[in-house]
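If you count the first sequence from 1, position 163 lands on 1138 in the numbering used here, and the numbers rise without skipping. First comes the structure, then the notes that go with it.
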Amino acid sequence: MRVAVVAGPGRTALLQELAEDGSAYAAPTLVNDLPAAVAEHERAGPEHGGSVRWVWADTSTAYPLLLRAGVRVDRCHDVALIEALLLARGEAPAGAGSMVAQGAPLAQAVAVAPRAAAGRWPDPAPGAPGQATLFGPAEPGIDEARDVLGALVLAHADQLRRIAADTHPARFGLLAAVESAGGLAAAEMSARGMPWRADVHDALLAGLLGPRPGPGLRPPRLAGLATQISAAFGGRAVNPDSPAQLLKAFAIDGVPVPSTRSGVLRGIDHPAVPFLLEYKELARLHAAHGWAWLDEWVRDGRFHPEYVVGGVVSGRWASRGGGALQIPRVVRRAVVADPGWTLVVADAAQLEPRVLAALAGDDAFAEAAGTGDLYQALAGAFGGDRAKAKVALLSAMYGGAGGEASQLLAVLRRRFPLADAYVEAAARAGEEGRVVRSRLGRSCPPPSAEWRDLTASPDEPGADDQRARRSLRARGRFTRNFVVQASAADWALVLLVGLRRRLADLAGSAGSAGLAGTADPAGAGGSFRSGAPVRALDGPGLVFFQHDEVIVHCLRAAAPDVVAAIGDAAQEAGRLLFGATPVRFPVTTAVVDCYADAK
DNA sequence: TTCCGTTGCGCG
DNA sequence: AAAGCGCGCAACGGAA
């Protein structure tokens, strides 16, 4: 059953039951307490022929409010996310061809719906008071909610039609489902938070940088290195944070460098280099994940990053604030399970080349990808050299071919012609300005108008011609990589969503066995959530998702079940994407107390 | 003062 | 012959 939902004044909302084709078969009903109404539907769902799929405008605004009220939902259809997937295919903008007779253009409905769906009931979380009324929309009246609901229902039905009309409706429908479920998983992970020991992090920083300095000051270790660097430049004052000053200082000493990248500096003979390399590494840690980061992002033993589903064109997630997807390896020491709990860290091994093998249907390649170590299996084609096999593969997928790689590429081309042809075709499509798609049908962006202008007249001699060639090649590399990276993202998303479902089943069935558990570090009492404990987030839960890696936080006793669930979800992902294929998608799992011990 | 492009580096 | 893909964030330094 599908139920469209739009928030009204206070905790009220309008709900409308929909048929599977998206058409409304009952009048909207007004509920006084949306979280309670949703919770009731979720409880009643299974006995009434399957759980509800909530149809709403934007999970990232609607769902956190439900989670805060302790309500988890199983399934949804996120109209904003799905509209983005549909529009990316390059169809005419919604409204041009598919405008619904009496309604506003669908694009407008989608644009307005999140505003209303955000809900306006009292928000106990800390925030800027008054901001909502100053800059945000006024609380929606029930009439406005009714209008938005109408638009939402039409938009949703239209999206179902457009999905069904896709070249591969089953795959694209799966993409729509997992994209929406990804939105749910992202909101849950943000709310649940990643276990984070501020004391461990602080000790780690102090060990590397010295005691915490006053605001705006360099930590002792960095200050010392800065002094040594200036001394190495003959006593000139040089700010090591300034590439411009460094370039000048090197030039004055007769050692011109093209840039101050650490890779460049490593090949330079100058007394300042060793200090500089160490300074850069530590300064980076201090600036990106130092004490200021700790103050801002870690509360009550949890790091609460905000994930942006669909934030990357390839379908990977992005993050907003806290650099959640760039946590340096050293800092992972601070990610520690609660007492009695553990972390299950799972990583898809060599995901992208395996995805390529399955995509291309290259038997020889797929056979190699049917083993545990893909690169080792391919090494035979490269004189037994695993490293060479890896370089060749990465070059094929990224479009690189510097130095030795070109010869390795030639070997790859000869031995695995279909895999080579697959990425070459994608590159050609890109150079011709076409759009390519992932396995499940996510489309890459079309070339910009500037790109079309620049590449329109190819054989004009001169500087423009050079630029045109470069742009052409760059887009070829982009689309070449897109088909692999985006299909790998498809796979990872299917894994994530399948795992989320299995973890919920585990929590549901394990309550009496004591495997569910409630994470409540240091007796925090859920104070971050400013209210009652959030039952929706009890039990084994996803706490991290980074492209091809997931982390589950669970009671120790539940770890074996979680490991099994991950394996099942990975197998299911391979099957859903590629059907019968010899390619395996192995996942390495580590059950550890600390994230840093996972690799 | 604020804004923004560049540089550099963390992650996959 | 040479070129590799995708992000977020912080600091700098010149422009506005």
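A virtual CB, placed ideally from N, CA and C, is assigned to each residue, including glycine. For clarity, every value in this text was computed on a predicted model and none was experimentally measured.
**Asked** How would you call V1566, buried or exposed, if buried means at least 16 neighbouring beta carbons within 10 angstroms?
**Response** What you label residue 1566 is simply residue 591 of the first sequence in a count that begins at 1. With 16 or more other Cβ atoms within 10 Å, it is buried.
**Asked** What number of angstroms, rounded off, separates the C-alpha of D1360 from the C-alpha of L1383?
**Response** For the purposes of this step, residue 1360 is taken as residue 385 along the first sequence, with counting starting at 1. For the purposes of this step, residue 1383 is taken as residue 408 along the first sequence, with counting starting at 1. Approximately 11 Å, taken between the alpha carbons.
**Prompt:** Which same chain residues, not among the five before or five after A1312, have their C-beta less than 7 Å away from its C-beta?
**Reply:** Within the first sequence, the letter at position 337 stands for residue 1312. Cβ within range, chain order: P1170, L1318, H1528, D1568.
**Message:** Quick check: the segment 1382-1398 against the segment 1424-1433, are at least 3 beta-carbon pairs closer than 8 Å?
**Reply:** no
**Asked** Taking only runs of the alpha helix (DSSP H) that begin and end inside the segment 1328-1392, which ones reach a length of at least 4 residues, in chain order?
**Response** 1338-1343, 1349-1353, 1361-1373, 1380-1390
**Prompt:** Taking the DSSP output, what are the residues bridged to M1169?
**Reply:** Here residue 1169 is taken as the residue at index 194 of the first sequence, counted from 1. Answer is F1278, bridged to M1169.
**Message:** From the DSSP secondary-structure annotation, give me the bridge partner or partners of T1564.
**Reply:** In the first sequence, counting from the first residue as 1, residue 1564 sits at position 589. Answer by DSSP bridge pairing, in chain order: A1321.
**Prompt:** Among A1201, Q1521, V1538, which residue has its Cα nearest to the Cα of P1215?
**Reply:** If you number the first sequence from 1, residue 1215 lands on position 240. It is A1201 whose Cα lies nearest to the Cα of P1215.
**Item:** Contact under 7 Å by Cβ, V1562 with V1153
**Value:** Indexing the first sequence from 1 puts residue 1562 at position 587. Indexing the first sequence from 1 puts residue 1153 at position 178. Going by C-beta atoms, V1562 is not nearer than 7 Å to V1153.
**Message:** Are the CB atoms of R1329 and V1013 within a distance shorter than 7 Å?
**Reply:** Taking the first sequence and counting its residues from 1, the one referred to as residue 1013 is at position 38. Taking the first sequence and counting its residues from 1, the one referred to as residue 1329 is at position 354. Their beta carbons are not under 7 Å apart, which means V1013 does not touch R1329 by this criterion.
**Message:** Need the endpoints of the alpha helix (DSSP H) that A988 sits in, please.
**Reply:** Within the first sequence, the letter at position 13 stands for residue 988. Per DSSP, A988 belongs to no alpha helix (DSSP H); it is in the beta strand (DSSP E), 988-993.
**Asked** Can you tell me where the beta strand (DSSP E) with I1204 in it begins and where it stops?
**Response** Mapped onto the first sequence, residue 1204 falls at position 229. Taken as a continuous stretch (DSSP letters only), I1204 belongs to no beta strand (DSSP E), being part of the alpha helix (DSSP H) at 1195-1207.
**Message:** Taking the beta carbon of L1530 as the centre, do at least 16 other beta carbons fall within 10 Å, making it buried, or is it exposed?
**Reply:** Counting from one through the first sequence, the residue named residue 1530 turns up at place 555. Looking at its Cβ environment, which holds 16 or more other Cβ atoms inside 10 Å, L1530 is buried.
**Own chain, CB closer than 6 Å to A1464, minus 5 neighbours either side, in chain order** = As a working note, residue 1464 is residue 489 in the first sequence. The answer, listed in chain order, is S1289, G1290, R1291.
**Message:** Please report the distance separating the alpha-carbon of V1537 from that of Q1546.
**Reply:** As a working note, residue 1537 is residue 562 in the first sequence. As a working note, residue 1546 is residue 571 in the first sequence. Spanning the two alpha carbons is a distance of roughly 14 Å.
**Message:** Alpha carbons only, please: which of R1412, R1414, R1448 is nearest the one belonging to W1426?
**Reply:** Within the first sequence, numbered from 1, the residue matching residue 1426 stands at position 451. That would be R1448, whose Cα lies nearest to the Cα of W1426.
**Message:** Between which two residues does the alpha helix (DSSP H) holding G1286 run?
**Reply:** Working through the first sequence from its first residue, we reach residue 1286 at position 311. G1286 -> no alpha helix (DSSP H), and no H or E assigned at all.
**Reduced DSSP category for T1556 - H, G, I as helix; E, B as strand; rest coil** = By one-based count along the first sequence, residue 1556 stands at place 581. T1556: coil per DSSP, three-state reduction.
**Message:** Is the separation between the beta-carbon of A1173 and that of L1269 shorter than 7 Å?
**Reply:** Your numbering for residue 1173 matches position 198 in the first sequence. Your numbering for residue 1269 matches position 294 in the first sequence. Yes. Within cutoff.
**Asked** Relative to the alpha-carbon of G1191, which residue among G1416, G1148, H1261, H1176 has its alpha-carbon at the smallest distance?
**Response** Locating residue 1191 in the first sequence gives position 216, where the first residue counts as 1. Of the listed residues, the one whose Cα sits closest to G1191 is H1261.
**Item:** Extent of the continuous beta strand (DSSP E) run through G1516
**Value:** For this step, residue 1516 is matched to residue 541 along the first sequence. Looking at the DSSP string, the run of the beta strand (DSSP E) that includes G1516 is 1516-1520.
**Request:** Using the Cα positions of A1107 and S1413, report the straight-line distance between them to the nearest angstrom.
**Result:** Position 132 of the first sequence holds residue 1107. Position 438 of the first sequence holds residue 1413. Any reading at A1107 is ruled out, since the residue's pLDDT is 33, under 50, leaving its predicted position unreliable.
**Item:** For S1294, the first and last residue of its enclosing beta strand (DSSP E)
**Value:** As a working mapping, residue 1294 is identified with position 319 in the first sequence. Per DSSP, S1294 belongs to the beta strand (DSSP E) from 1293-1295.
**Message:** Using a Cβ-Cβ cutoff of less than 6 Å, which residues in the same chain neighbour K1365 once the five nearest sequence positions on both sides are dropped?
**Reply:** The residue given as residue 1365 occupies position 390 in the first sequence. Result list for K1365: Y1350, in chain order.
**Asked** Short check: CB of G1148 to CB of V1410, under 7 Å?
**Response** Here the question's residue 1148 lines up with position 173 in the first sequence. Here the question's residue 1410 lines up with position 435 in the first sequence. Contact flag unset, no.
**Item:** Residue nearest to R1236 in terms of C-alpha spacing, selected from P1246, G1229, A1219
**Value:** Walking along the first sequence from the start, residue 1236 turns up at place 261. Looking at the Cα atoms, A1219 is the closest of the given residues.
**Prompt:** Would A1356 pass as a contact of R1390 if the rule is Cβ separation under 7 Å?
**Reply:** The count along the first sequence starts at 1 and reaches residue 1356 at position 381. The count along the first sequence starts at 1 and reaches residue 1390 at position 415. Yes; because the gap between Cβ atoms is below 7 Å, this pair is in contact.
**Message:** In whole angstroms, give me the CA-to-CA distance for I1204 and G1158.
**Reply:** The residue labelled residue 1204 in the question sits at position 229 within the first sequence. The residue labelled residue 1158 in the question sits at position 183 within the first sequence. One C-alpha to the other measures close to 48 Å.
**Item:** For H1528, the three-state DSSP class (helix, strand or coil)
**Value:** Here residue 1528 refers to the residue found at position 553 when the first sequence is read from its first residue. Three-state result, H1528: strand.
**Bridge partners - S1418, DSSP secondary structure assignment** = Start at 1 with the first residue of the first sequence, and residue 1418 comes out as number 443. R1412.
**Asked** Which class does V1310 belong to by DSSP, given the choice of helix, strand or coil?
**Response** Position 335 of the first sequence, counting from 1, holds the residue named residue 1310. Reduced to three states, the DSSP call for V1310 is coil.
**Prompt:** Would DSSP call H1143 helix, strand or coil?
**Reply:** The residue given as residue 1143 occupies position 168 in the first sequence. Of the three classes helix, strand and coil, the one that applies to H1143 here is coil, per DSSP.
**Asked** Skipping 5 residues on each side, what residues in its chain have a beta carbon closer than 8 Å to that of P1421?
**Response** In the first sequence, the residue the question calls residue 1421 occupies position 446. Counting only Cβ-Cβ distances below 8 Å, and skipping sequence neighbours, we find G1065, G1408, V1410.
**Request:** Could you check the C-alpha separation between E995 and M976 for me, to the nearest Å?
**Result:** As a working mapping, residue 995 is identified with position 20 in the first sequence. As a working mapping, residue 976 is identified with position 1 in the first sequence. For E995 and M976, the distance between alpha carbons rounds to 7 Å.
**Asked** Three or more C-beta pairs closer than 8 Å, one from the segment 1391-1400 and one from the segment 1330-1350: is that the case here?
**Response** yes
**Item:** Integer-rounded CB distance, given that V1046 should sit under 8 Å from P1010
**Value:** The count along the first sequence starts at 1 and reaches residue 1010 at position 35. The count along the first sequence starts at 1 and reaches residue 1046 at position 71. Between V1046 and P1010 the Cβ distance is about 5 Å, and since that is below 8 Å, they are a contact.
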